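S.K.: This is the structure, below, for whatever I ask next.
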Amino acid sequence: MGQKNKETDLSAAIPGGVKEEDLNDLMQIRREKLNEMRQKGYEPYGNRFERTHSARFILDNYGEMEYKHVILAGRIMSKRGMGKASFAHIQDSTGKIQIYIRSNDVGPETYEFFSKLDIGDIIGVHGSVFKTRMGEVTVAVEGLNMLAKSLRPLPEKWHGLKDVELRYRQRYVDLIVNPEVKEVFVIRSKTVRAFRNFLDAKGFLEVETPMMQLIPGGATAKPFITHHNTLDLKLFMRIAPELHLKRLLVGGFDNVYEINRNFRNEGISTKHNPEFTMMELYQAYADYNDMMDLTEEMISSVACEVLGSTLIDYQGTEIDLSPGWTRIPMLEAVKVRSGLDFSVIKTAGEAHSAVKQAGINLELDPADTWGDILNKVFDEMVEPKLIQPTFIMDYPVEISPLAKRKADNPDLTYRFELFIYGREIANAFSELNDPIDQKARFAKQVEKRKAGDEEAHMMDEDYINALEYGMPPAGGLGIGIDRLVMLLTNTYSIRDVILFPLMKPRD
RNA sequence: GGGCCAUUAGCUCAGUCGGUAGAGCACCUGACUUUUAAUCAGGGUGUCGCUGGUUCGAGUCCAGCAUGGCUCACCA
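The opening residue of the first sequence carries number 5 in my numbering; numbering runs sequentially from there.
The structure is reproduced here in C-alpha cells:
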C-alpha cells in the first residue's frame, strides 16, 4: 500500500533537511564550510576511492611498510595544527593511524584546505609511512581527497560518548567514538559464524522458516500481532521457529538448524529485548542426552574459536566452559537447595502445603499444578545459584508441552535447560512425536488460555497433522544467542549486544 | 506496572543557603614545519528535559508529565 501524500515541507528546511532554528553554532559553521568548499570547486561528498592498506595493517607491519607508499581513507578523529604542518589521526574500520601533512609536501592550497577540515570529516590520503621522533607510525601525506563532510560535531575525544540513552539511540556515534563497542559486535558476529561453521561441519542444514505465522507456537510467550493487507489476515510474529523446524523432520530433513530472530511481546529488561536471536536445531534419531553432549561441545568450541579460551571472566566471576558440565535432575537440584523432595510430593495440594511448611516465600496461585510449583521453587531457590554451566534435567510435563515424557515417570519429560551465571542459556528436549499425546497437551494449553493465560500455547492442527504422518524421534535444542554473547563479551545488559535495541520514541 | 535515581553548552561534568549560568574538550580568531589529551594569546556558544505551582526572585523548593538507568514484578 503506497502512501501518495507524503508530507514534505522543504520550504522550512535548508539543504540537509534540518530546520535552521535547530542548528547550533557548531553545525552552522560546518555548513558554512561546506558551502565554501563547493564555491571553491571542491566536492564535499566524494565517490569511489581505492585504498591499498588499512590502518591496522600499516601499524602491525611497520617493518615492511616503512617508506612504502600507501593509500588509505578514514574519519578525522583529532587534529593538531602547527602553522605550516599538522598532525591528525584518521580512523578506518580497523583502527586509528596518525597522518602528518606539511605545506611543503602538498602545496599551500591543499594545506589550507586540510587546515579547514573538521574532526569527523572523512578523507582519503596517500603518502609514505614513517615513524615520528616520538616513535609513532605515521603517514606523511602527499595528497588528499575529500570523501565526506561531517556536519555534526563528534563527542569529546577523551571521555567519548557516555550517555547510555544516546549510545543506544545513535549507535553510529557510539561506534565511531567508543572502539570497545565495535569489538563487542565483532565478537557477536564471530560467535554466530562459529555456530554456523560448527553445525555445518556436523552435517546440519541451515533453513529459514516463517517469521510471520498464523499460529504462534513453540514457546510460552505473548506474540506481536500484525496484519496482511491484501489477504486481510491477522498474523503473529513468531515467538519460536520450533514447530516449523519439526515439520521439516517430518518432511525428511534429519539435521536442521536456524539462527534467526524471535519476537516476544513482553517486558524489556537487561536480559530481555522484544526481538532476540535464537539458534534452534533438530537432530533426528537423537535424544536429549545427545543434545547435552552437543551443547557442551558446541559452546565450548565456539568460545574457543571466538575468544581463544574456554575460561571466561563474567562480571568478575570466572566461568569454565570446558566440557564436563554438571548434569543434575531438577528434582534433585530442588531437593538439595530447598529441602523439598518432590519425588514424594505427589499432588498439587501436597506441593502447596509443603512450600508453605518450608516457609519458602513464593507467590503461589491456587491453580498452580504440581509441576508449576516445582518450577517456581526451582526458579526461586536453585536458578540464581547455577553459576558454572549446569544442565538441569527432567522438567515437569505441565510446563513442557512439546517434550517427550520420561518412560519411568510420565509427570516428567526428557527436557533440560542449561544455566550459566544464573541465566537460562539453552533449552532442549527429546521431542514429543506422539501426535495423540501432543494433541492432548495442546488441549490442556488451550484450557489454560481460556482461563486467561495469554502465554499458553494455541492449538496447532496442522502441526498435529504433520506428526500424524510420523516424525522420527529427535533431539531439539535452542540457544539464546544474545545471552551467550553477553557472557562472551562480559556485558551486563542485553542492549550492549544488540546494535539497535528497541527504545521508546523521544517525543 | 511499583520503588529509587538521573536529565545543565555539541560531548564529559560542576553549580554552595533560592539571588546575573560555570569548567575541560570541541568550536572561532591569531602564532607555531616531528605533534600526540600539542602548546601559547584572545573569544562562552545555553529553551538548566517539559508543564504548572510556591516566591520579590527558581537550574536549585513542590506537583505532574516525558525519556533513560538500576531494581522488583512479569517473562525463557
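We treat Cβ as the ideally placed atom computed from N, Cα and C, and that holds for glycine. Keep in mind that this is a model prediction, so the values were computed, not measured.
What does the Cβ neighbour count give for residue 131, buried or exposed, with the cut at 16 atoms within 10 Å?
M.R.: Buried, since its Cβ has 16 or more Cβ neighbours within 10 Å.
S.K.: Starting from the Cα of residue 47, find the closest Cα among 127, 61 and 99 and give me that residue.
M.R.: Of the candidates 127, 61 and 99, the one whose C-alpha sits nearest the C-alpha of residue 47 is 127.
S.K.: Would you kindly check if the distance between the Cβ of residue 406 and the Cβ of residue 435 is under 9 Å?
M.R.: The answer is yes: Cβ separation under 9 Å.
S.K.: What three-state label does DSSP hand residue 506 in the structure shown?
M.R.: If DSSP states are grouped into helix, strand and coil, residue 506 belongs with coil.
S.K.: Taking 8 Å as the threshold, find out whether the segment 234 to 244 comes into contact with the segment 264 to 276 through three or more Cβ pairs.
M.R.: Contact holds: three or more Cβ-Cβ distances are below 8 Å.
S.K.: With a 10 Å radius around its C-beta and 16 neighbouring C-beta atoms as the bar for buried, classify residue 208 as buried or exposed.
M.R.: So residue 208 ends up on the buried side.
S.K.: Threshold first: 4 residues or longer. Then list the alpha helix (DSSP H) segments lying entirely within the segment 144 to 191, N to C.
M.R.: Within the segment 144 to 191, the complete alpha helix (DSSP H) runs of at least 4 residues are 168 to 173 and 175 to 181.
S.K.: Between residue 338 and residue 378, is the Cβ-Cβ spacing less than 9 Å?
M.R.: Their beta carbons are under 9 Å apart, which means residue 338 touches residue 378 by this criterion.
S.K.: Can you tell me whether DSSP reads residue 259 as helix, strand or coil?
M.R.: DSSP places residue 259 in strand when its eight states are reduced to three.
S.K.: Kindly indicate which three-state DSSP category residue 350 falls into: helix, strand or coil?
M.R.: The answer is coil: DSSP assigns residue 350 none of H, G, I, E or B.
S.K.: Nearest CA to the CA of residue 391: which residue from 324, 314 and 412?
M.R.: Cα-wise, what sits closest to residue 391 is 324.
S.K.: Over the uninterrupted beta strand (DSSP E) stretch that includes residue 419, give me the two end residues.
M.R.: Its beta strand (DSSP E) spans residues 419 to 424.
S.K.: Go through the segment 60 to 134 residue by residue and report every complete run of the alpha helix (DSSP H) that reaches 4 residues or more, in order.
M.R.: 66 to 69, 107 to 110 and 112 to 119, all fully within the segment 60 to 134.
S.K.: Suppose the cutoff is 7 Å on Cβ atoms and the five residues either side in sequence are ignored; what does the same chain contact list for residue 507 look like?
M.R.: 172 and 173.
S.K.: List the whole-angstrom C-beta distance separating residue 149 from residue 256, where the pair is believed to meet the contact cut-off of C-beta under 8 Å.
M.R.: That belief does not hold up - the Cβ atoms of residue 149 and residue 256 are roughly 56 Å apart, past 8 Å.
S.K.: Which whole-angstrom value is the C-beta distance of residue 90 and residue 118, which I expect to be below 8 Å?
M.R.: Contact holds; Cβ gap of about 7 Å.
S.K.: Return yes when the Cβ of residue 492 is within less than 9 Å of the Cβ of residue 311, no when it is not.
M.R.: Yes, these two residues count as a Cβ contact at 9 Å.
S.K.: Residues in its own chain within less than 7 Å of residue 25 by CB, not counting five upstream and five downstream?
M.R.: Legend: pLDDT at residue 25 = 47, less than 50; position of this residue unreliable, value from coordinates given subsequently. Result list for residue 25: empty, nothing under 7 Å.
S.K.: Quick check on DSSP: helix, strand or coil for residue 371?
M.R.: Coil at residue 371, not helix or strand.
S.K.: Taking the Cβ atom as the reference point for each residue, do residue 88 and residue 107 lie within a distance shorter than 9 Å?
M.R.: Yes; because the gap between Cβ atoms is below 9 Å, this pair is in contact.
S.K.: What is the DSSP secondary structure of residue 498, reduced to helix, strand or coil?
M.R.: The answer is helix: DSSP assigns residue 498 an H, G or I state.
S.K.: Residue 360 by DSSP, collapsed to three states: which one?
M.R.: Residue 360 falls in the helix class under three-state DSSP.
S.K.: DSSP three-state call for residue 313: helix, strand or coil?
M.R.: DSSP places residue 313 in coil when its eight states are reduced to three.
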